[in-house]
Amino acid sequence: MNRAAIIGTGQTRHARRRDDLSQPELVREACTAALADAGIGQKDIDAVVIANMELFEGRALPELWVGEGAFATGKPCMKIATGGTSGTSGCIAGFHQVASGLFDIVLVVGFEKHSEGHTQTGMALTDPFWDRTVASGALGNFALSISQYMVDRGVTEEQAAKVAVKARRNAARNPYAHLQMPDITEQEVLDSKMLAHPVRMLDMCPQSDGACAIVIAAESKAKKYCDQPAWIRATATRHQQPYIGDIDHRLTSMETLRSAARSVYAAAGIRDPLKELDVAEIYEPVSYAELAWYEALGFCEDGEAGRLIEDGVTEMDGELPVNPSGGVLSTNPVGASGVIRVAEAASQIMGRAGEHQVQGAKTALATGYGVYAWADAMILGTAP
Amino acid sequence: MTQRPVFIAGCGQVGPVAEDPRSIVEMVLEAVEGALEDVGITHQDIDAIVTASVDILDGLTASNIAVTEVVGAVMKPEARIAADGMAAAIHGACQIWSGAYDTVLIVAHAKPSMAPYQDLMQWAMDPIYLQPLGVDFLTCAGLQAQALAAGDAGAEQRWAELASARRAGTPAAISADEILASPIVASPLRAEMCAPMEDGASAIVLSAVLGKHDGRPQVTGVGHDLAPHDLGDREPGIWRGLERACNRAYSVAGIDNPASAFDLAEPSCLFPHEEELFVAAAGIGNATVVSPGGGLFVGHTPVVAGLSRLAASASAMRQDAGCRRALAHGAWGPAGQGQAVMILEAGAP
Amino acid sequence: MIREEKIQIPFVYAAGQAGSRFLVALRDDGRIMGSACAACGHVSVPTRSFCPACSESDLSDVELAGEGNLVSWTEIPGRGVFALINLDGADGALLHRLIDSPDKLAVGQRVRAQFAETRKAHISDLAGFVVTGAGP
Amino acid sequence: MSETVTVTIEMEQAWRYASGTAMERFSEGLKERRIEAVSCRLCGRAYLPPRPYCGKCNIRMSSWTPVKDEGELVAWTVMQLPMLDGRTGEMREAPYGMGLILLDGADTTLNHYLAESDPAKLAIGQRVRAVWCNERRGAMDDILHFEVIR
Numbered sequence: 000m001n002r003a004a005i006i007g008t009g010q011t012r013h014a015r016r017r018d019d020l021s022q023p024e025l026v027r028e029a030c031t032a033a034l035a036d037a038g039i040g041q042k043d044i045d046a047v048v049i050a051n052m053e054l055f056e057g058r059a060l061p062e063l064w065v066g067e068g069a070f071a072t073g074k075p076c077m078k079i080a081t082g083g084t085s086g087t088s089g090c091i092a093g094f095h096q097v098a099s100g101l102f103d104i105v106l107v108v109g110f111e112k113h114s115e116g117h118t119q120t121g122m123a124l125t126d127p128f129w130d131r132t133v134a135s136g137a138l139g140n141f142a143l144s145i146s147q148y149m150v151d152r153g154v155t156e157e158q159a160a161k162v163a164v165k166a167r168r169n170a171a172r173n174p175y176a177h178l179q180m181p182d183i184t185e186q187e188v189l190d191s192k193m194l195a196h197p198v199r200m201l202d203m204c205p206q207s208d209g210a211c212a213i214v215i216a217a218e219s220k221a222k223k224y225c226d227q228p229a230w231i232r233a234t235a236t237r238h239q240q241p242y243i244g245d246i247d248h249r250l251t252s253m254e255t256l257r258s259a260a261r262s263v264y265a266a267a268g269i270r271d272p273l274k275e276l277d278v279a280e281i282y283e284p285v286s287y288a289e290l291a292w293y294e295a296l297g298f299c300e301d302g303e304a305g306r307l308i309e310d311g312v313t314e315m316d317g318e319l320p321v322n323p324s325g326g327v328l329s330t331n332p333v334g335a336s337g338v339i340r341v342a343e344a345a346s347q348i349m350g351r352a353g354e355h356q357v358q359g360a361k362t363a364l365a366t367g368y369g370v371y372a373w374a375d376a377m378i379l380g381t382a383p
Numbered sequence: 000m001t002q003r004p005v006f007i008a009g010c011g012q013v014g015p016v017a018e019d020p021r022s023i024v025e026m027v028l029e030a031v032e033g034a035l036e037d038v039g040i041t042h043q044d045i046d047a048i049v050t051a052s053v054d055i056l057d058g059l060t061a062s063n064i065a066v067t068e069v070v071g072a073v074m075k076p077e078a079r080i081a082a083d084g085m086a087a088a089i090h091g092a093c094q095i096w097s098g099a100y101d102t103v104l105i106v107a108h109a110k111p112s113m114a115p116y117q118d119l120m121q122w123a124m125d126p127i128y129l130q131p132l133g134v135d136f137l138t139c140a141g142l143q144a145q146a147l148a149a150g151d152a153g154a155e156q157r158w159a160e161l162a163s164a165r166r167a168g169t170p171a172a173i174s175a176d177e178i179l180a181s182p183i184v185a186s187p188l189r190a191e192m193c194a195p196m197e198d199g200a201s202a203i204v205l206s207a208v209l210g211k212h213d214g215r216p217q218v219t220g221v222g223h224d225l226a227p228h229d230l231g232d233r234e235p236g237i238w239r240g241l242e243r244a245c246n247r248a249y250s251v252a253g254i255d256n257p258a259s260a261f262d263l264a265e266p267s268c269l270f271p272h273e274e275e276l277f278v279a280a281a282g283i284g285n286a287t288v289v290s291p292g293g294g295l296f297v298g299h300t301p302v303v304a305g306l307s308r309l310a311a312s313a314s315a316m317r318q319d320a321g322c323r324r325a326l327a328h329g330a331w332g333p334a335g336q337g338q339a340v341m342i343l344e345a346g347a348p
Numbered sequence: 000m001i002r003e004e005k006i007q008i009p010f011v012y013a014a015g016q017a018g019s020r021f022l023v024a025l026r027d028d029g030r031i032m033g034s035a036c037a038a039c040g041h042v043s044v045p046t047r048s049f050c051p052a053c054s055e056s057d058l059s060d061v062e063l064a065g066e067g068n069l070v071s072w073t074e075i076p077g078r079g080v081f082a083l084i085n086l087d088g089a090d091g092a093l094l095h096r097l098i099d100s101p102d103k104l105a106v107g108q109r110v111r112a113q114f115a116e117t118r119k120a121h122i123s124d125l126a127g128f129v130v131t132g133a134g135p
Numbered sequence: 000m001s002e003t004v005t006v007t008i009e010m011e012q013a014w015r016y017a018s019g020t021a022m023e024r025f026s027e028g029l030k031e032r033r034i035e036a037v038s039c040r041l042c043g044r045a046y047l048p049p050r051p052y053c054g055k056c057n058i059r060m061s062s063w064t065p066v067k068d069e070g071e072l073v074a075w076t077v078m079q080l081p082m083l084d085g086r087t088g089e090m091r092e093a094p095y096g097m098g099l100i101l102l103d104g105a106d107t108t109l110n111h112y113l114a115e116s117d118p119a120k121l122a123i124g125q126r127v128r129a130v131w132c133n134e135r136r137g138a139m140d141d142i143l144h145f146e147v148i149r
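The listed protein sequences derive, respectively, from chains A, B, C and D. Residue numbering for the first sequence follows numbering that gives the first Met the number 0, starting at 0 and increasing by one per position. Residue numbering for the second sequence follows numbering that gives the first Met the number 0, starting at 0 and increasing by one per position. Residue numbering for the third sequence follows numbering that gives the first Met the number 0, starting at 0 and increasing by one per position. Residue numbering for the fourth sequence follows numbering that gives the first Met the number 0, starting at 0 and increasing by one per position.
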């Protein structure tokens, strides 16, 4: 496999509405920033990968209209759409295209403009014979799984609230984060409006308009353009059976993420992820999910996730800072969210994460997650 | 470029048929089983899957959720490309060249009988300047055809003859006169000039390790491209995007003279003028046989088309020892905005 | 078993920087604006954020004539005539509609813009084009 | 800041979905208040919704298993936000209960509405049964909701 590394990242300002920009213009804001960060021009891009949940904005084949924003006109371009994992899968696709030797530099950009669509389109177009008349959307699906997870692992609302607070306090040091709530307290989370038992408003991710881009380069170009590239050391993708009810105790078991994590750890020679990883950017659409992912990712034994957050292990000054960016809980343009995880992990390796930099980060994990329990994992490092 | 080979190890196809009464899942299952059987393997031999589908055609959000089981993607890597299946095949070849996987299953599916295709495709058009005017893919095809016909008095007769020739000897056979007598759908295009929109699914096994000993064809070049969205920003009489895609593929395959390089071309052309655009952009010569089985003129499934052309090319090479090199093509978007090609070379005879 | 299911959902798209300027000029002044690229000189229409010829974003707005030449057209039964029009001063063509088009059309034929009486910052504020003269 | 313009387009679209033969048989059964799962001869799992293929074992399935219209509540929530009701296309008023239900005889769970919407009265492990509509069309909403068996 040819070596490849991330040499630049770029994000838009994320917000509830970005009415000021069209979809192509929003994408361009992130792409321009990524090219500037990488120190390259548009002519250096050999191919483009776009990630997006097309029906959220009512679009079909959105790259046809939006591609011009991604410098894709006259270039090879394809779109990855795998639900919540679209962004991370887009990054892995870009990595495979560079590692193939076909392209030297691939630009990957993910975007979503939730404000332009109908928030519940996703639910309106589920399986018409099974889910459509009796579905409760992503929120309800999470809440159902959480009710099981709490019983299975003894996780408490207070522990989930700590996750929610950690995310927003971290986000306060990230100028790109959508939610800015530096003074948030656990009590505020516990007092926030109940949406779907046990999930409260501040346990949940926002819906954001935004885009995020990364530049992936082959070894020779990576060394030419970047002092400290973020080398892609391992990737894995796992999909699951198609119905929510197919997976027994979904959050508790999270077989896909466990398997993906095992795969990338083995490939990168990681035996104890808590000790050997320096930072993790994981896709946690709801506070409780982060606790479940700690277990699935092997940061702790099953049943120990609550203790991990209580002991501050995953705080910025803890043994393994998780989501220094503020995570999906602070910023969630779905098609971009996975790219943001990878971009943030890469920025940590490149030493470009600004006020939320984890000092001396050498090995980083980024993950993606979709509602049907699909999972992606990627390990980035300072050396190939 | 790495030198790792990628073989077209096997193919499975469902349709095209005007309206398949089965579910998408059932159609895809049959295509996938056909491809595995063609190679003589099971899902255990597949390392990863790349699917191609378009949500709005299937009326489903993240439409690949529905097919995860039947493509064998449970607890496996799946990438889903929302474009023509040829783009998915190119991505699968990249995965193999990268060394990430040895064997990748490519699957594409669509059921245009579910809803009016042209209405759905308006949602692919720029929603500020074009969609509100009612511009769809057919509008763009008509504008492109007229730009070609305007300075070419013989164009319509020639196109009718071409569409007739493609269907000759098939159940859809029709004379050029009948084609010219059929109603206008987007002037100068007439109903019987257009590839009929039909349901289908296609599955192809790409592999670095399977197929070599059976003399299966090898992928030696790939290329794809995205042209400007608005037809007003393109030269309407030239497929520049396909030129770029082909030149990339020729560069990978080391082909200097496409005019004499190919025994067979299997383009994804929905109208006769598109075949003329294809021949010009690809730079193929008279010695290249184009669409011997009629191509999409005997049945066109959007999304599946490019993969079906790849399968047709591979099948021709397996049956005819004289067919040594082929160019397979897929396209998507208004008037061929997205273009993708793959070059196949026959295995050891 | 076939089951038909229907959805009805409104989508609201931001016209963005370039689109907003184009649609406001159309509504307020009945002017058709295009974009001139500082990098390659290409003049596109309607107003663009990115040059369709070179992808650069250093574009300036230019007012284009309400007249031009027919590049191509297509009649779709029941839906009217769509056309590509090369407005005087532009390099690219505008994709829009023809109003009351004669039976015989030709490349290079002169056409003129016709604006809607009530305008609302929408592409249909430009009602379409009428043929004003024979081809060259 | 200069004026920003938006363009509204209404998507009004219908699709003709094919059920597949397994779902057709299941749907016909619902009209007669009959629930049937398809089971895999390798792993033995009885699947709801019924489908042609076991994705765990990669094998076709054709064996039908009767399933009761009562079972165990294995997960629950009470929605406190109005959500789009797929049956009516209108917003469904909150609060309302949702559950994952493991019907007797099935190995996968069914998601559906619960009659109970008081979180204090819901618990994992409760027995629930289907409340059927009088007029049934052969669809999942032939079951109005599930009620807790006291």
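Just so it is clear, CB atoms sit at the ideal spot from N, CA and C, and this is done for glycine as well.
Exercise for the section: Tell me the start and end of each unbroken beta strand (DSSP E) in the segment 11-42 of chain C that is at least 3 residues and wholly inside, in chain order. Expected result: Fully enclosed beta strand (DSSP E) runs of 3 or longer: 31-36.
Problem - Against chain C: residues of the segment 123-146 of chain A by CB proximity under 8 Å - result: Taking 8 Å as the cut-off between beta carbons, the residues of the segment 123-146 of chain A near chain C are Ala123, Leu124, Pro127, Phe128 and Arg131, in sequence order.
Practice task
Take His299(B) as the anchor and find which of Phe6(B), Ala17(B) and Gln2(B) has the nearest alpha-carbon.
Solution key: Indexing the second sequence from 1 puts residue 299(B) at position 300. Minimum Cα distance to His299(B) is reached at Ala17(B).
Exercise for the section: Go through its chain and collect everything with a Cβ distance to Gln79(D)'s Cβ below 8 Å, but skip five positions before and after it. Expected result: Counting from one through the fourth sequence, the residue named residue 79(D) turns up at place 80. Contacts found: Ala93 and Pro94.
Exercise for the section: Kindly indicate the opening and closing residues of the beta strand (DSSP E) around Tyr16(D). Expected result: Here the question's residue 16(D) lines up with position 17 in the fourth sequence. Taken as a continuous stretch (DSSP letters only), the beta strand (DSSP E) holding Tyr16(D) covers Thr5 to Ala17.
Exercise for the section: Could you tell me whether the Cβ atoms of Ile104(A) and Gly89(A) are closer together than 8 Å? Expected result: Translated into the one-based positions of the first sequence, residue 104(A) becomes position 105. Translated into the one-based positions of the first sequence, residue 89(A) becomes position 90. Against a cut-off of 8 Å, the Cβ pair of Gly89(A) and Ile104(A) comes out as no contact.
Practice task
Pick helix, strand or coil for Val297(B), following the three-state DSSP scheme.
Solution key: Here residue 297(B) is taken as the residue at index 298 of the second sequence, counted from 1. Looking at Val297(B) - three-state DSSP - the assignment turns out to be helix.
Handout entry: Bridge partners - Cys211(A), DSSP secondary structure assignment
Key = As a position in the first sequence, residue 211(A) is number 212, starting the count at 1. Bridge partners of Cys211(A): Gln10(A) and Gly109(A).
Exercise for the section: Note down, in chain order, every chain B residue with its Cβ under 8 Å from the Cβ of Phe128(C). Expected result: By one-based count along the third sequence, residue 128(C) stands at place 129. None at all; the shortest Cβ gap to chain B is about 12 Å.
Handout entry: Proximity of Asp101(B) and Val208(B) at Cβ, strictly below 8 Å
Key = Here residue 101(B) is taken as the residue at index 102 of the second sequence, counted from 1. Here residue 208(B) is taken as the residue at index 209 of the second sequence, counted from 1. Taking 8 Å as the Cβ cut-off, Asp101(B) and Val208(B) qualify as a contacting pair.
Problem - Chain-ordered neighbours of Glu62(C) on chain D, where CB pairs are closer than 9 Å - result: Position 63 of the third sequence, counted from the first residue, corresponds to residue 62(C). Result: empty, since nearest Cβ-Cβ is about 17 Å, beyond 9 Å.
Handout entry: Extent of the continuous alpha helix (DSSP H) run through Trp230(A)
Key = The residue labelled residue 230(A) in the question sits at position 231 within the first sequence. Note, Trp230(A): premise wrong, no alpha helix (DSSP H); beta strand (DSSP E) at Ala229 to Arg237.
Handout entry: CB contact below 8 Å: Ala21(D) versus chain C
Key = What you label residue 21(D) is simply residue 22 of the fourth sequence in a count that begins at 1. Not one chain C Cβ lies under 8 Å of Ala21(D).
Exercise for the section: Flag this pair as yes or no: are the beta carbons of Val107(A) and Phe70(A) separated by less than 8 Å? Expected result: In the first sequence, counting from the first residue as 1, residue 107(A) sits at position 108. In the first sequence, counting from the first residue as 1, residue 70(A) sits at position 71. The answer is no: Cβ separation not under 8 Å.
Exercise for the section: Mind checking who His95(C) pairs with in its DSSP beta bridge? Expected result: In the third sequence, counting from the first residue as 1, residue 95(C) sits at position 96. According to DSSP, which records beta bridges pairwise, His95(C) is partnered with Ala82(C).
Practice task
Please name the residue in Thr11(A), Arg249(A) and Ala360(A) whose C-alpha comes closest to that of Ala382(A).
Solution key: The residue labelled residue 382(A) in the question sits at position 383 within the first sequence. Comparing Cα positions, the closest option is Ala360(A).
Problem - Partners in chain C for Thr72(A), counting only beta-carbon separations shorter than 7 Å - result: Within the first sequence, numbered from 1, the residue matching residue 72(A) stands at position 73. Simply Pro51 and Ser54.
Handout entry: Touch test, the segment 221-236 of chain B against the segment 17-37 of chain B, Cβ-Cβ under 8 Å, three pairs minimum
Key = no
Practice task
Have a look at the DSSP bridge pairing and note the partners of His144(D).
Solution key: Taking the fourth sequence and counting its residues from 1, one reaches residue 144(D) at position 145. Bridge partners of His144(D): Val130(D).
Exercise for the section: Enumerate in chain order the residues of its own chain whose CB-to-CB distance from Leu22(C) is below 8 Å, with the five nearest sequence positions on each side excluded. Expected result: To locate residue 22(C), count along the third sequence from 1; it is residue 23. The answer, listed in chain order, is Ala14, Ala120, His121, Ile122 and Asp124.
Exercise for the section: Apply the 10 Å Cβ neighbour rule to Cys39(C) and answer buried if 16 or more other Cβ atoms are within range, or exposed otherwise. Expected result: Position 40 of the third sequence, counting from 1, holds the residue named residue 39(C). Exposed, because fewer than 16 other Cβ atoms sit within 10 Å of the Cβ of Cys39(C).
Handout entry: Contact belief for Gly231(B) with Gly91(C) at Cβ below 8 Å, rounded distance in angstroms
Key = Looking up residue 231(B) in the second sequence gives position 232. Looking up residue 91(C) in the third sequence gives position 92. Right, their Cβ atoms sit about 5 Å apart.
Practice task
Have a look at Ser385(B) and Glu66(C) and give me their C-alpha separation to the nearest angstrom.
Solution key: Outside the shown range of chain B (0 to 348) lies residue 385(B), about which nothing can therefore be said.
Problem - 6 Å CB neighbourhood of Val288(B) in its chain, flanking five on each side removed - result: The residue you call residue 288(B) lines up with position 289 of the second sequence. Cβ neighbours of Val288(B) beyond the five flanking positions: Leu263.
Handout entry: Straight-line gap, Gly376(A) to Gly86(A) (C-alpha atoms, nearest Å)
Key = Residue mapping note: residue 376(A) aligns to position 377 of the first sequence, counting from 1. Residue mapping note: residue 86(A) aligns to position 87 of the first sequence, counting from 1. Correcting the residue identity first, residue 376(A) is Ala in this sequence and not Gly. Ala376(A) and Gly86(A): Cα-Cα distance of roughly 11 Å.
Handout entry: Span separating the alpha-carbon of Gly214(B) from that of Ala107(B)
Key = Here residue 214(B) corresponds to residue number 215 of the second sequence, with the count starting at 1. Here residue 107(B) corresponds to residue number 108 of the second sequence, with the count starting at 1. Cα to Cα, the separation comes out at about 25 Å.
Problem - Within chain D, the residues that Tyr371(A) reaches when beta carbons sit closer than 7 Å - result: Along the first sequence, read from residue 1 onward, the residue named residue 371(A) stands at position 372. Residues of chain D whose Cβ lies closer than 7 Å to the Cβ of Tyr371(A) do not exist, since the nearest Cβ in that chain is about 12 Å away.
Exercise for the section: Assign Asp100(B) to one of three DSSP states: helix, strand, or coil. Expected result: Counted from its first residue, the second sequence places residue 100(B) at position 101. The sequence given here has Tyr at residue 100(B), not Asp. Here Tyr100(B) sits in coil by DSSP.
Handout entry: Cutoff 7 Å; reference Ala163(A); Cβ partners in own chain excluding five residues on either side
Key = Along the first sequence, read from residue 1 onward, the residue named residue 163(A) stands at position 164. For Ala163(A), where only same-chain residues beyond five positions count, the Cβ hits under 7 Å are Val188, Leu201, Asp202, Ser286 and Leu328.
Exercise for the section: Could you check if Ser250(B) is buried or exposed, using at least 16 other CB atoms within 10 Å of its CB as the buried criterion? Expected result: If you number the second sequence from 1, residue 250(B) lands on position 251. Per the 10 Å Cβ criterion, exposed.
Practice task
Flag Val31(B) as yes when its Cβ comes closer than 7 Å to any non-hydrogen atom of the ligand ZN, and as no otherwise.
Solution key: The ligand ZN is not among the ligands present in this structure, which contains no ligands whatsoever.
Exercise for the section: Go through its chain and collect everything with a Cβ distance to Asp46(B)'s Cβ below 7 Å, but skip five positions before and after it. Expected result: Along the second sequence, read from residue 1 onward, the residue named residue 46(B) stands at position 47. So the qualifying residues of the chain are Tyr100, Asp101, Thr102 and Val103.
Exercise for the section: Quick one: residues in its chain with C-beta nearer than 8 Å to the C-beta of Ala363(A), no 5 flanking neighbours on either side, listed in chain order? Expected result: What you label residue 363(A) is simply residue 364 of the first sequence in a count that begins at 1. Excluding residues within five positions, the ones whose Cβ falls inside 8 Å are Ala229, Leu276, Asp277, Val278, Ala279, Glu280, Ala344, Ala345, Gln347, Ile348, Ile378, Leu379 and Gly380.
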